[in-house]
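Remarks on the structure that follows.
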Amino acid sequence: MKITVFGAGYVGLVISTCFADLGNTVLGYDIDKEKIENLQKGILPIYEPGLKELVERNIRENRLSFTSDEKKAVRDSDIIFLCVGTPPRADGSAELKYIFSTAETIGKHTNGYKLVIDKSTVPVNTARQIKEKILQNQAQKTDVDVVSNPEFLREGQAIRDFMNPDRVIIGVDSEKAKQLMMQLYRPIERTGKPILFTTIQSAELIKHASNAMLATRISFMNELSHLCEKVGADIKEVAKGMGLDNRIGPRFLQAGAGYGGSCFPKDLQSLAATMKEHGIQSKILDAVHEVNESQKHSIIQKLKTLVPDLKDKKIAIWGLAFKPKTDDIREAPSIVLISHLLNEGAKITAFDPVASENIKSHFNNHTSLEFRNTPYEAIKDCHALVIMTEWDEFRALDLQAIKTILAEPNILDARNLYEPSEIRALGFNYKGIGR
Ligand code: UGA
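Residue numbers (this note's numbering): 896 to 1330.
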């Protein structure tokens, strides 16, 4: 099938590449000409494991190409994915201007039937407005179907999530669109994964509600972790015991430094804003957000139990992105920690396998924030080590060596990587979360 993907950001790029890899001919469009020129040369704007190789292969094999010509992008394919950004506005609601201007572009250049598939995360009832915008702007009157096909990819595991999803959700209101969507997803359906057809409104809501539910689980566990510390329980054991109940399940029950990223914080606020528009005050979503913010700030309080006066102290941080295997630092808990540390006059040496450059420019090359090339170099002469993301490479390091390199054997493990009893037996002052 011939497909155009509007938006070469995180989702757009993964979708373009994966559909090309399934044998389709895919044209990726972005308004950012420089991004397109780079992509044509195989230079990617993001880090995602395995993506670069897949982009290069599909370009080489002529299934994937990129353009910044909007007319060509619309006219070349009858199937068009919308993967443009929907950033938060100041009041938490989603900014839809990029979605709607893309809808106008599609209308303007339409040369026949178009199936427009919305993958951008949007508030319920946006697909209906997208269709209206396309129809209002059509120079040539033709049929158009708009469907909602929300994306559930996780950064760091995006290709695997695309090829092997838990489910595919498709909101449709026409038989023709349903048939085309079934054809598009046949290679995924063959793997036995459920494809659920719903109304368009339900599909749009499933996306927001899923992220909000996952965030709720995390905030619940983070809140519970504080009680664990007071009463001598271990949050990891509690999570394991809870997760063995099939009704609960084991995933997304890890207490830590708080959730970050471009999705949970934004989608939660957007869903709350939609509820408000309809006269519903979501006490749950407000509390989930509040608990998450205070969890991020609680890390500094915990660090102070190890190093009470942070002025002129050297603090090492391992892991800077909002989670491992990505260089994405949006809403990363490390940003809150670093800001506090700099305010209190501490000196930071940090290590992250891929996110250092992003943090460096976020803090405008601050002189008290330095970066090192290995975890060991980062802890040299430090008064404490704080682990902020759970990269696998931090799990099996030489703890004896770490103890000698640190100026003081203080570890704050904000992702519960280590076993408290083992690490304390080695003579570390160790703090985890909820243990
Ligand atoms: C999330 C969803 O998991 C995807 O299904 C969805 O497609 C995506 O948002 C989106 O809307 O685009 P992502 O933001 O990439 O994916 O990251 P997650 O793996 O979900 O992690 C989110 C945050 O929660 C991270 O900061 C992570 O460290 C934290 N987390 C996750 C916990 O603190 N505890 C857990 O048990 C799990």
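Backbone N, C-alpha and C fix where the C-beta goes; we use that ideal spot for every residue, glycine too.
Give me whichever residues DSSP pairs with K1209 in a beta bridge. Answer by DSSP bridge pairing, in chain order: K1242.
Is I1194 closer than 8 Å to L1232 when the C-beta atoms are compared? Against a cut-off of 8 Å, the Cβ pair of I1194 and L1232 comes out as a contact.
Assuming the contact rule is C-beta atoms closer than 8 Å, V969 and T920 should be a hit. Round their C-beta distance to whole Å, please. That belief does not hold up - the Cβ atoms of V969 and T920 are roughly 15 Å apart, past 8 Å.
Less than 8 Å between the C-beta atoms of I974 and A998, yes or no? Taking the C-beta atoms as reference points, A998 is found no nearer than 8 Å to I974.
Only counting the same chain, and skipping five residues up and downstream in sequence, which positions put a Cβ closer than 6 Å to that of L917? Spatial neighbours of L917 in its own chain (CB-CB distance under 6 Å, excluding positions within 5 residues in sequence) are listed in chain order as P1082.
Does T1086 come out as helix, strand or coil in the three-state DSSP assignment? Coil, per DSSP.
Given the structure, does G1151 come close to the ligand ATP, in the sense that its CB is under 7 Å from one of the ligand's heavy atoms? Looking for the ligand ATP in the displayed structure turns up nothing; the ligands present are the ligand UGA.
Between the alpha carbons of K1326 and L1301, how many angstroms are there, rounded? A straight-line Cα-Cα distance of about 16 Å links K1326 and L1301.
Could you tell me whether the Cβ atoms of P1270 and L1292 are closer together than 8 Å? Going by C-beta atoms, P1270 is nearer than 8 Å to L1292.
Just verifying my parser: in three-state terms, what is the DSSP assignment at E1314? Three-state result, E1314: coil.
Cα-Cα separation, I1179 to V1202: Rounded to the nearest angstrom, the two C-alpha atoms are 35 Å apart.
Taking the alpha-carbon of L939 as reference, which of V906, F914, N957, D964 has the nearest alpha-carbon? With distances taken between Cα atoms, L939 lies closest to V906.
Which of the three DSSP states is assigned to F901 in this structure? In this structure, F901 counts as strand in the three-state DSSP scheme.
May I ask you to verify whether the stretch 1213 to 1227 touches the stretch 1278 to 1285, counting CB pairs closer than 8 Å and requiring at least 3? The answer is yes - the stretch 1278 to 1285 touches the stretch 1213 to 1227, with three or more Cβ pairs under 8 Å.
Bounding residues of the alpha helix (DSSP H) (the contiguous stretch that carries S1120): Residues 1095 to 1126.
Among G904, R1062, P944, Y942, which has the Cα closest to the Cα of I931? Among G904, R1062, P944, Y942, the Cα nearest to that of I931 belongs to G904.
Does the stretch 1185 to 1193 come into contact with the stretch 1115 to 1124, if we say contact requires no fewer than three beta-carbon pairs (one atom in each stretch) closer than 8 Å? With a cut-off of 8 Å, the stretch 1115 to 1124 and the stretch 1185 to 1193 count as touching, because enough Cβ pairs lie within range.
What do you reckon, is the C-beta of Y1325 under 7 Å from a heavy atom of the ligand UGA? No - the ligand UGA has no heavy atom lying nearer than 7 Å to the Cβ of Y1325.
Looking only at C-alpha atoms, which of L1321, L959, K1197 sits nearest to R1330? Residue K1197 is the option with its Cα nearest to R1330.
Do L922 and L1010 have their beta-carbon atoms positioned less than 8 Å apart in this structure? It is not a contact, given that the beta carbons lie outside the stated cut-off.
Helix or strand or just coil, what does DSSP make of G1151? Reduced to three states, the DSSP call for G1151 is coil.
Is T912 helix, strand or coil by DSSP? In this structure, T912 counts as helix in the three-state DSSP scheme.
Cβ of G1156 versus every heavy atom of the ligand UGA: is any distance shorter than 7 Å? True, at least one ligand heavy atom lies under 7 Å from that Cβ.
Please list the terminal residues of the continuous beta strand (DSSP E) segment that includes K864. Summary: the structure shown does not reach residue 864, with the chain confined to residues 896 through 1330, and so no result is reported for it.
Determine the direct distance from the alpha carbon of P1219 to that of V1249, and round the result to whole angstroms. Taking the straight line joining both Cα atoms gives about 9 Å.
Report buried or exposed for V1126, applying the criterion of at least 16 other Cβ atoms within 10 angstroms of its Cβ. Exposure of V1126 is indicated by the presence of fewer than 16 other C-beta atoms within 10 angstroms of its C-beta.
Taking contact to mean at least 3 C-beta pairs separated by less than 8 Å, is the stretch 1159 to 1174 in contact with the stretch 986 to 996? Remark: three or more beta-carbon pairs, one from each stretch, lie closer than 8 Å, so the stretch 1159 to 1174 and the stretch 986 to 996 are flagged as touching.
In its own chain, which residues sit with a C-beta less than 8 Å from the C-beta of L1312, not counting the 5 before and 5 after it? Cβ contact annotation for L1312 (same chain, cutoff 8 Å, sequence separation greater than five): I1282, E1285, F1289, R1290, in chain order.
Specify whether the stretch 1147 to 1159 and the stretch 1062 to 1078 touch according to this definition: at least 3 beta carbon pairs, one from each stretch, less than 8 Å apart. Fewer than three pairs of CB atoms, one per stretch, sit closer than 8 Å, so the stretch 1147 to 1159 makes no contact with the stretch 1062 to 1078.
Under 8 Å between the Cβ atoms of P1060 and G1153? No, Cβ-Cβ distance for P1060 and G1153 is not below 8 Å.
Distance check for N1106 and T1093, CA to CA, integer angstroms please. Taken atom to atom, the span from the alpha-carbon of T1093 to that of N1106 is near 18 Å.
Cβ distance (whole Å) where I1025 is taken to contact V1041 below 8 Å: That pair is a contact at about 5 Å.
Kindly identify the DSSP beta-bridge partner or partners of N953. For N953, DSSP assigns no beta-bridge partner whatsoever.
Tell me the rounded alpha-carbon separation between F1159 and N1141. As the crow flies, the alpha-carbon of F1159 is around 24 Å from that of N1141.
In angstroms, rounded to a whole number, what distance separates the CA positions of N1044 and D1247? In a straight line, the C-alpha of N1044 is about 34 Å away from that of D1247.
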